[in-house]
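If you read the sequence shown in this note's numbering, its first letter stands for residue 101, the second for the next number, and so on.
Glycine included, each C-beta is placed from N, C-alpha and C at the ideal position.
Beneath this line is the structure, given in structure tokens, with notes to follow.
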Amino acid sequence: MQIDTIDLHSATARDELEEWVSLRNVVQRDLFGMDSPMSTLAMVQAMAARDDQGNEFFLAREDDGRAVAAARLATPGPTGASDAEISLFVHPQARRGGVGAAVVARLEERARELGCARTILDQMSPRPDGAPGAGFARRLGYTEVDLVLGSRLDLPVSEEVLASLERTAREAYDAAYELSTAWDDIPDEWVQDRAELATGLSSYTPAGSIEDDTDETWDAERVRALFLRWNTSGGRVVETIVVVRDTAHIVAYSDLVVYGVASAHPHAAQSDTLVHPEHRGHKLGIAVKVANLRALARDEPEVDTVFTWTSPDNAPMNALNALLGFRTVAWTRMWARDLGAA
Ligand SMILES: CC(C)(COP(=O)(O)OP(=O)(O)OC[C@H]1O[C@@H](n2cnc3c(N)ncnc32)[C@H](O)[C@@H]1OP(=O)(O)O)[C@@H](O)C(=O)NCCC(=O)NCCS
101 MQIDTIDLHS ATARDELEEW VSLRNVVQRD LFGMDSPMST LAMVQAMAAR
151 DDQGNEFFLA REDDGRAVAA ARLATPGPTG ASDAEISLFV HPQARRGGVG
201 AAVVARLEER ARELGCARTI LDQMSPRPDG APGAGFARRL GYTEVDLVLG
251 SRLDLPVSEE VLASLERTAR EAYDAAYELS TAWDDIPDEW VQDRAELATG
301 LSSYTPAGSI EDDTDETWDA ERVRALFLRW NTSGGRVVET IVVVRDTAHI
351 VAYSDLVVYG VASAHPHAAQ SDTLVHPEHR GHKLGIAVKV ANLRALARDE
401 PEVDTVFTWT SPDNAPMNAL NALLGFRTVA WTRMWARDLG AA
């Protein structure tokens, strides 16, 4: 078996990235079923182009040229300046023969070369016990450092549910607040407030150990870069905000990103939702999420699934998602290993 980095500047880069995406999708379908959302070339190309993170892509091939594993090394990962994050997908028919362990060893070596102190395995499973990746990570000497629940909402949400949630929200937030929704570009007048609220996100929501050293400082430029990245991943983004009428300041927002627009499997991911602590208890979280779902049904009616990721400790967010009809379908764990240890 041979493990190669995809040279993103070579003439064959596009073909190899397509091979990478298709192998990743085979693994995803095997784990989560036929109608799971597909990764796309545009998404991976946008990842490769990020300037706030290094991304290297690897393919492991059998001697006959068949690709049996796809992996990605993100440096530094989103988990802290000295962490490198590994994503790994081994073809279902090539498992339990040492392929996964060999690829991890190779990526650990590369992370060490890049000066990283830890590697993080990013692992997702349709089962609470994390099989098959959890056993693999433990066997390789990794320790679990974070668990996030992935939930899925099948669209359309019934008019009855949406209308009832809107009524509940409106009764609670009355005339003090006003909602606005925008597609794709973040309006100039929102950017500054939006950045300030995002900066507070880590201190406002329960955080797992993994997020502790993430840079949570947001400015207007970083918010704009995020929206641009969502758009260039072949996606569209819809954001709903809430302003206090008296001060015109933004006190809540929620983002929903549509991936694979115009493809066979467009799907959406509910990204951050945040309500400023001083304005909680007015059902603003429900209001912004329902407004986004309305915009999605109106403007991107082909999308039939929304995914979201939450900490199991974030009880208010999980309760809200359950009201909308989300159900947990994925258990995502982060596993860490010090590269100093042999
Ligand atoms: C997890 C995964 C990467 C393992 O790949 P693999 O090539 O089968 O792994 P290896 O053959 O190198 O396994 C090394 C050791 O890990 C352990 N292991 C691997 N799969 C396991 C499983 N399903 N259950 C328990 N332990 C497992 C075993 O101890 C194994 O050694 P053994 O086969 O001699 O007993 C593969 O199953 C996969 O792609 N799963 C779906 C995607 C995923 O979970 N990725 C994240 C991985 S952290």
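Checklist entry - Quick one: what does DSSP say S309 is sitting in, helix, strand or coil? => result With a pLDDT of only 38 at S309, under 50, the local geometry of the prediction cannot be trusted, and the value read off the model is given with reservation. The answer is helix: DSSP assigns S309 an H, G or I state.
Item to check | Short Cβ contact (8 Å threshold) for A364 with V357 | outcome: no
Item to check | According to DSSP, residues forming a beta bridge with D183 | outcome: R218
Checklist entry - Under a Cβ-count criterion, where at least 16 other Cβ atoms within 10 Å of its own Cβ denotes burial, should L207 be classed as buried or exposed? => result buried
Item to check | Assigned secondary structure, Q102 (DSSP; H/G/I helix, E/B strand, else coil) | outcome: strand
Checklist entry - What is the C-beta distance between F327 and V337, in whole angstroms, given that I count them as a contact (C-beta under 8 Å)? => result 6 Å
Item to check | Rounded straight-line distance, which links the Cα of D104 to that of V429 | outcome: 33 Å
Checklist entry - In whole angstroms, what is the alpha-carbon distance linking V291 and E400? => result 24 Å
Checklist entry - So is M138 buried or exposed if we call it buried at 16+ other beta carbons inside 10 Å? => result buried
Next on the checklist: Less than 8 Å between the C-beta atoms of H376 and V351, yes or no?
Outcome noted: yes
Checklist entry - Can we say the segment 282-300 touches the segment 423-439, given the rule of at least three CB pairs closer than 8 Å? => result no
Item to check | Runs of beta strand (DSSP E) lying entirely within the segment 221-298, each at least 3 residues, in chain order | outcome: 243-254 and 277-283
Next on the checklist: Closest to F157 by C-alpha separation, out of S251, L255, D293 and A148, would be which residue?
Outcome noted: A148
Checklist entry - Quick one: is the Cβ of V127 within less than 7 Å of any heavy atom of ligand 1? => result yes
Next on the checklist: I'd like the list of long-range same chain contacts for S354, defined as Cβ closer than 6 Å, with 5 residues on each side in sequence excluded.
Outcome noted: T340, T373, V388, K389 and N392
Item to check | CB-CB length for G425 against V261, believed under 8 Å | outcome: 7 Å
Checklist entry - Would DSSP call Q193 helix, strand or coil? => result helix
Checklist entry - For H501, is the classification buried or exposed, using 16 other Cβ atoms within 10 angstroms of its Cβ as the cut-off for buried? => result As shown, the chain starts at 101 and ends at 442. That puts residue 501 outside it, with no answer to give.
Next on the checklist: Which residue marks the beginning of the beta strand (DSSP E) containing A368, and which one marks its end?
Outcome noted: H367 to V375
Checklist entry - Quick one: Cα of Q145 to Cα of S333, how far? => result 7 Å
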